[in-house]
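Quick notes on the structure that follows.
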Amino acid sequence: MTEHVDWSESEPAAAPASSAVTPADAADAARLVAFGLQPRLQPARDQEYAELLRRHREDPAFARLADAVAAGLGLVVLEVSPRAGMAVTAAEDSVFAVRMGDYARRTSADAGDRFLHGLAHLAVAAMAFPRPEDLADDGYIGRVTVNGVDSFVRQACRRLEERAEEQGENTDPATDAPGLEAAWRIWARRSATGATKDARRPAASTTGIVAKAMAFLTDSGFLQRTGDEHGGTYRTTARYQLQVRDMAAGAAMAELLELGVVPVTDGTPTLLPAEDTDDLELVAEAGLPFHS
4 MTEHVDWSES EPAAAPASSA VTPADAADAA RLVAFGLQPR LQPARDQEYA ELLRRHREDP
64 AFARLADAVA AGLGLVVLEV SPRAGMAVTA AEDSVFAVRM GDYARRTSAD AGDRFLHGLA
124 HLAVAAMAFP RPEDLADDGY IGRVTVNGVD SFVRQACRRL EERAEEQGEN TDPATDAPGL
184 EAAWRIWARR SATGATKDAR RPAASTTGIV AKAMAFLTDS GFLQRTGDEH GGTYRTTARY
244 QLQVRDMAAG AAMAELLELG VVPVTDGTPT LLPAEDTDDL ELVAEAGLPF HS
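In structure tokens, the structure reads:
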């Protein structure tokens, strides 16, 4: 008598060879994440980067592997596309996270200045994408200037001061108080340009703070410098649009936009000077930008 053996129970079926992850696959996935950590690198100018992006799009197993590598490094994948590359942002506990305190300390150790640097970044984002449809449109490009952002913040300071007076609040500077309310009080009292013996823009002036923020965003691949007019002119990148989408629900951003300093119009110019600005201490030829 021949004994029957059910091989399906005694030996599990081997996984298809095509689903096995090879060291080469892991290396390629890590390579793609490494490209994503070079935000100024454009996929259209690097054949290997473009090929890995295509593989991510067409091979689900490879896409999962690359996303897992990013997650293991504490990175959040915002988008993987030919326009943005592998756009990643660092989670709070990631070794790649850049903290505002560390960023501001490179310029000044003053606690009040850290609020100003944070407000500068907030204002750049609000001016670059003032309407929800600007953030939703992948083809939209925002344009901002150093002097324009400073003027925008000073207009916001005026609105916040008026609102505080209407509500009977103390409008004196409170440098040790947290939040947007404290930041605008410090900004309003700070010189826009300052003065140095060699005519350089002081880093502690508000335009110096904005210029520092824009230089950082440029180095991070979020802005591209297009000229020197109005203290420096810049255009946004796809990566910056993704970053601002990620932060758009923040309370500070919503509060800044609700002030009405950035009027929503029916058409082409989305950023206009606020009314009754003759008595404001604005930078000469601030060049508040328009968007296309």
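Per this note's numbering: the sequence shown = residues 4 to 295. All residues carry an ideal CB built from backbone N, CA and C; glycine is no exception.
Among the options, whose alpha-carbon lies nearest the alpha-carbon of residue i?
| i | options | result |
| --- | --- | --- |
| Ala32 | Pro42, Leu44, Ala47 and Glu51 | Glu51 |
| Phe118 | Trp190, Ala74 and Pro133 | Trp190 |
| Val98 | Met89, Met250, Ala90 and Ala74 | Ala74 |
| Leu35 | Gly77, Glu165 and Val91 | Val91 |
| Val147 | Ala27, Pro63, Arg228 and Leu68 | Arg228 |
| Leu76 | Tyr143, Leu220, Arg134 and Ala37 | Ala37 |
| Met123 | Gly224, Val247 and Met217 | As written in the sequence, residue 123 is Ala, which differs from the Met given in the question. It is Met217. |
| Pro26 | Glu54, Glu136, Phe155 and Phe65 | Phe65 |
| Val83 | Ala100, Arg60 and Ala93 | Arg60 |
| Gln244 | Ala207, Glu136, Leu40 and Asp49 | Glu136 |
| Asn150 | Gly39, Val247, Leu40 and Glu232 | Glu232 |
| Gln158 | Asp249, Ala195 and Asp141 | Ala195 |
| Ala63 | Leu81, Asp49 and Val24 | Here residue 63 is Pro; the residue named in the question, Ala, does not match the sequence. That would be Val24, whose Cα lies nearest to the Cα of Pro63. |
To the nearest angstrom, how far is it from the Cα of residue i to the Cα of residue j?
| i | j | result |
| --- | --- | --- |
| Pro85 | Ala47 | 7 Å |
| Leu138 | Leu125 | 15 Å |
| Ala128 | Asp153 | 13 Å |
| Leu163 | Val213 | 20 Å |
| Gln45 | Arg166 | 45 Å |
| Ala53 | Met250 | 28 Å |
| Pro272 | Glu168 | With a pLDDT of 35 at Pro272, under the threshold of 50, the modelled position of this residue cannot be trusted; read the value that follows with caution. Between Pro272 and Glu168, the C-alpha separation is close to 31 Å. |
| His120 | Val156 | 12 Å |
Do residue i and residue j have their CB atoms nearer than 8 Å?
| i | j | result |
| --- | --- | --- |
| Thr210 | Gly234 | yes |
| Pro42 | Arg188 | no |
| Thr3 | Ala131 | Examination of residue 3 is not possible in this model, given that the chain is present from 4 through 295 alone. |
Just verifying my parser: in three-state terms, what is the DSSP assignment at residue i?
| i | result |
| --- | --- |
| Gly230 | strand |
| Pro272 | Since pLDDT at Pro272 reaches only 35, below the 50 mark, its modelled position is unreliable, and no value is offered. |
| Glu82 | strand |
| Arg238 | strand |
| Thr209 | helix |
| Arg162 | helix |
| Ala195 | coil |
| Glu288 | Reliability of the predicted coordinates at Glu288 is poor, the pLDDT of 37 falling under 50, and the value obtained from them is presented with this limitation in mind. Three-state result, Glu288: coil. |
| Arg146 | strand |
Round the Cβ separation of residue i and residue j to the nearest angstrom and send it over; I've been treating them as touching at under 8 Å.
| i | j | result |
| --- | --- | --- |
| Gly88 | Leu56 | 7 Å |
| Val79 | Ala100 | Wrong, their Cβ atoms sit about 11 Å apart, outside the cutoff. |
| Phe219 | Gln246 | With a Cβ gap of about 12 Å, Phe219 and Gln246 do not count as contacting. |
Let me check you understand the geometry: is the CB of residue i closer than 7 Å to at least one non-hydrogen atom of the ligand SAM?
| i | result |
| --- | --- |
| Val91 | Annotation note on the ligand SAM: not contained in the displayed structure, which lists no ligands. |
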